[in-house]
Every structure is written in structure tokens, then in C-alpha cells.
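Peer 1: Please find one structure pasted underneath; my questions will follow.
Numbering (the numbering used here), first residue to last: 10 to 549.
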């Protein structure tokens, strides 16, 4: 096959050379004149200056000589008698016909050679295909081997770094322990090593492993399986309770479980926890204040969040309170909310209102903490694409509170698993600090009960009948608003209505809802009170 390639290359060069010579000879055959010419003119009255260039004529010599034998009746025979011959113009290319024949021969030769090359290529095409397949397979194997080498080197470097980080963290922990605690720790390590050695010995000899004692766990593995939280060593988590933060890591690093742990802690602190999780359902988040799982509902909540945060700042700017007094009032009124945004990178792909996303992310990153509306974003990375790839957020993301969850590779399944280790970057700080994550033995799905003000108030049958009759007299969305207010049985705010994402109120703003409450008040379906720019309504 190598020989045929050389032949093909030589054939191509030869065809090109012959074709080039054919073009040259063809051009030569069209150049110049092939016969001698006679230049003549007519001189009436023997005028010496009459034969000007514009009155001169040419004729082939053979044709001039033929006119001598022409009869007198032929008018052309008079040319030779009356014309004056000036000169003979010799032929510049007397062999034009030869050059034309040579050109035709060269083009024919090039055509035949190209046809011969084509037949040769068709003959060797199956063999060429086999060689291409073999070379592709070899290149593929080589690229796979190279990728495996790079992956192995990267994993080895990561394991070495993790080992050194674990040693540093362990040394720091040991430096903080008392001698008695160090002795207990060493005893636990000795018992764990003894149990592992005994288990390996039993596996080798075929004997069943002895059961470990129960009660207070003695080894680290037992403590992990029991799912105990070492709250004394998790004080760094408090930063993520009250601040807007980004939790990120690779697949299998434990982001979702840690987000649930944060939701539980936030609920215990008194926040109304609101979950935005497009990959789950309400059964996964029992007990939170609200959970939204459809992207249309998520977009509606984001719209409410932007309006609510903007409204709170407007109220605060018009009040006479200090920041501390304002935040205390938010807690007293039960308006402290915490939002957990799961799979936040998918929002930009499935929510069409990009202007809404831009406002939400910007306000959440800059204005949420002082209005007790912190957000926790869960993502796969900490680049600008983590929050929808919205322009201008890179600097804000770089300065915010972050937690990177680390993974380790299971040597048996070669799958990433949570390492219970992470790195924390505090707000406004560029230094990453190693931390140990809370150990969670199972996924948290039970959270605190909802706020009592949102619990449905039971009514007896006659009262319910009266309410239905009254509501039938109202059109939408007044009917939906009045039934919701009647169900609450207490004073409600426009944001309480907007947050419920009723279908009849889709696309309505806080100002629209205030106007509807005013109409209900004017129609005698409830009472409305206004103070310091805020509005509350209670249904009759």
C-alpha cells in the first residue's frame, strides 16, 4: 500500500506537469501568424503621402499570387494591377499546426494517466479502508491510554493532597485536645485497628467476624453509621444559617444532603424555610413553610421575592428605625424567611424571564441579609455559570460566602462519594479554610411544622355554607383572595397572598393585590388598615 501511495503521488505530479505543458503549447498555437502577408495600398494621382496607416491593407502571399491567374471579369483580379505593394510581412509562427497537435497529445496523455490512477485507486480502495480503520483504532487506543494516565495522575495528586490536608486537620484537632481526650482518641484508634485486623483475619481463615459491642459507638465508622452531629465542632456552619451562600461540589459530594441539614438548622433558628427544588416533590420536604417544584411556580416565587425585598427596603428607608430595630421587627412579625435554591444552574435554561433572574440573583447576593431573606444556592461549580451565567455576577460570586464539598473515589466502584471534608471561603475573604462536615446517616425529609398562622382554621358546616354563598357573588380574583383571607382568620398582608401562587393571581403584582383588597373593603367583605405604607386585611 505504501508503494501504491508513492505511485499515486508520482502520477499526480506527472499529470500536473503534462497538463501544464499542454496549456503552454496550446497558448503557443494561438500566438502569431502562420503565413507571410503582403501589405499594399492604392495611390491615385501618384500622391506620395496617400498610403497612410489607415489606408493600408494586408493579404496572404499565396492569395496575392493566385490573383494573377484570375480572369479579368473577376473584380479582385484588378487589385494586383491597381495596388502598390509596400512590403512583405513574414510569418511569426509558421508551425502553429504542430503546436496544436502537440497540445492535443499532451492533454490526451494527462487524461489517460489520470484514468489509470483512478483505476488504481479503485483497485486498492478496500485495502486502504482497512488500513484507515486500523490506524483509527490504534489512535483511539492511544488516546484512551493517555486519558487514563492523566486521570490516574490527577487522582494520585488529589489523594496525596487530601492525605496531607487530613494530616494537617488531624494535627490541628489533636493540638486542641486535652491529654485525657488524646488518650481516649488513641484508644478508639487502637480498637478500630484491632477490629479491622480481626475482620481481615476472619475473612482469610473463613471464620465469621465477631459482633461489635453496641451502645455508645467506639469506632469512627460506628459513629458515622449512627449519624451523630458534633455540634461543638460545627460552629462554622452558623455562617451559612443567616447569610446568603453558595454550596457547590461535584456529583456525589453531598450537596443536597448538606442543603437539607441547613434547612433543618434554619427552621430551628426560626426562619420560614422556602424550598425551590425542581428535582423533588413536597413529600421530600415535609414541614417546611413552602416548597416549589415546577419551574412556573419557581418563577412566580422569584417574582414575589424581588417585589417583597424591594418593598421591605422601601419601607425601611421610609421608617425611623435603626437597622437592628428593623430586623428585630421582622423577626417579631414572623417575616424572616430563608430560601434554599436547589439545582440553581437549571433556572436560566427553563425560566424564560431572564430579566427576572438577573434581578433575583443581584438582590439575593447584595440585599437579602439585612432584610432577613438569605438564600442558599446549590450548584456544581462556583463560576459565573453557577447563577445562570448572568453578566456582572462573577465579582459578586467571588466575594460571597462559599462551601466547596469534596469527594473521594470509591476504590471498588470507582464512583465519587462524599468525603465529609470541605473548604470554606468566608464573605469578603479569599482564603479557603478546611472544615469537617456534619456526619449525616440518612437523608433528612422531616422539618419543623409550618407557622401556626398558616394552619387552616376549621369551620362548622353552616358557616362554611354561608361563606360559599358569599364567595359565589364575587368574581375572580376577588373570590380567591377573600376565601384565602377567610381561611386564615386573621390579618394578612399582600405578600401572604402573592406567595401562595394562586392561578387566578398569576402575573399580578403587590400593587394589584392591594387594589383588590381595597375593593373588598369597599364592598363590605372585610376591613383594611394602612400604616407607614403597609397594608393589612381581615375578611368578615
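Each residue gets a CB set at the ideal place from its N, CA and C atoms; glycine is no exception.
Looking at C-beta atoms only, is the number of pairs between the region 36 to 46 and the region 99 to 106 that lie closer than 8 Å three or more?
Peer 2: With the cut-off at 8 Å, the region 36 to 46 and the region 99 to 106 touch.
Peer 1: According to the neighbour-count rule (16 or more other Cβ atoms, all chains shown, within 10 Å of its Cβ), is residue 507 buried or exposed?
Peer 2: buried
Peer 1: For residue 297 versus residue 307, is the C-beta distance shorter than 7 Å?
Peer 2: no
Peer 1: What three-state label does DSSP hand residue 236 in the structure shown?
Peer 2: Confidence at residue 236 is low in this model, with a pLDDT of 37, below 50, so the placement of that residue is unreliable and no value is reported for it.
Peer 1: Using the C-alpha atoms, what's the distance from residue 155 back to residue 26?
Peer 2: 45 Å
Peer 1: Please state the DSSP three-state secondary structure of residue 331.
Peer 2: coil
Peer 1: Taking Cβ positions, are residue 519 and residue 344 nearer each other than 7 Å?
Peer 2: no
Peer 1: With distances taken between CB atoms, is the gap from residue 257 to residue 404 smaller than 7 Å?
Peer 2: no
Peer 1: For residue 270, count neighbouring C-beta atoms within 10 Å of its own C-beta (all shown protein chains included) and say buried if the count is 16 or more, exposed if not.
Peer 2: Taking every protein chain shown into account, the CB of residue 270 has 16 or more other CB atoms within 10 angstroms, so this residue is buried.
Peer 1: Report buried or exposed for residue 301, applying the criterion of at least 16 other Cβ atoms within 10 angstroms of its Cβ.
Peer 2: buried
Peer 1: Determine the contact status of residue 525 and residue 501, defining contact as a CB-CB distance below 7 Å.
Peer 2: no
Peer 1: Within 10 angstroms of its Cβ, does residue 340 collect 16 or more other Cβ (buried), or is it exposed?
Peer 2: exposed
Peer 1: Output the distance between the C-alpha atoms of residue 157 and residue 126, rounded to the nearest integer angstrom.
Peer 2: 43 Å
Peer 1: Please report how far the alpha carbon of residue 146 lies from the alpha carbon of residue 420, in whole angstroms.
Peer 2: If I take the Cα positions, the gap works out to 29 Å.
Peer 1: Have a look at 536, 547, 538 and flag the residue whose alpha-carbon is nearest the alpha-carbon of residue 498.
Peer 2: 547
Peer 1: Measuring CA to CA, which of 164, 304, 97 is closest to residue 50?
Peer 2: 97
Peer 1: How about residue 346 and residue 281: do their beta carbons lie closer than 7 Å?
Peer 2: yes
Peer 1: Measure the CB-CB distance between residue 387 and residue 264 and report whether it falls below 7 Å.
Peer 2: yes
Peer 1: Check the C-beta distance from residue 431 over to residue 415 and give it rounded, since I have them as a contact under 8 Å.
Peer 2: 6 Å
Peer 1: Taking C-beta to C-beta, are residue 427 and residue 262 nearer than 7 Å?
Peer 2: yes
Peer 1: Kindly identify the DSSP beta-bridge partner or partners of residue 540.
Peer 2: 543, per the DSSP bridge assignment.
Peer 1: Going by CA-CA distance only, name the one from 425, 535, 509 that's closest to residue 168.
Peer 2: Ranking 425, 535, 509 by CA distance to the CA of residue 168 puts 425 first.
Peer 1: To which residues of the same chain is residue 123 closer than 6 Å at the C-beta, ignoring the five residues directly before and after it?
Peer 2: Hits under 6 Å: 24.
Peer 1: Which two residues bound the contiguous beta strand (DSSP E) that contains residue 70?
Peer 2: Per DSSP, residue 70 belongs to no beta strand (DSSP E); it is in the alpha helix (DSSP H), 70 to 75.
Peer 1: I'd like the span of the beta strand (DSSP E) that includes residue 411, first residue to last.
Peer 2: It spans 410 to 418 - the beta strand (DSSP E) in which residue 411 sits, taken as one unbroken run.
Peer 1: Would residue 78 be called buried (16 or more neighbouring beta carbons within 10 Å of its own) or exposed?
Peer 2: The residue in question, residue 78, is exposed, as its Cβ has fewer than 16 Cβ neighbours within 10 Å.
Peer 1: If you compare alpha carbons, which of 331, 357, 422, 323 is closest to residue 543?
Peer 2: 323
Peer 1: When burial is assigned at 16 or more other CB atoms within 10 Å of the CB, is residue 255 buried or exposed?
Peer 2: buried
Peer 1: Quick one: what does DSSP say residue 29 is sitting in, helix, strand or coil?
Peer 2: helix
Peer 1: Would you identify the three-state DSSP class for residue 280, choosing helix, strand or coil?
Peer 2: coil
Peer 1: Per DSSP, which residues does residue 94 bridge with? Please list them.
Peer 2: 49
Peer 1: My understanding is that residue 293 touches residue 422, with C-beta atoms under 8 Å, so please give their C-beta distance in whole angstroms.
Peer 2: Their Cβ separation, rounded to whole angstroms, is 25 Å, which puts residue 293 and residue 422 out of contact at 8 Å.
Peer 1: With DSSP run on the structure shown, which of helix, strand or coil describes residue 500?
Peer 2: coil
Peer 1: Anyone know if the C-beta pair for residue 365 and residue 311 falls short of 7 Å?
Peer 2: yes
Peer 1: Please state the DSSP three-state secondary structure of residue 263.
Peer 2: In this structure, residue 263 counts as coil in the three-state DSSP scheme.
Peer 1: Whose C-alpha, out of 172, 118, 67, is nearest the C-alpha of residue 30?
Peer 2: 118
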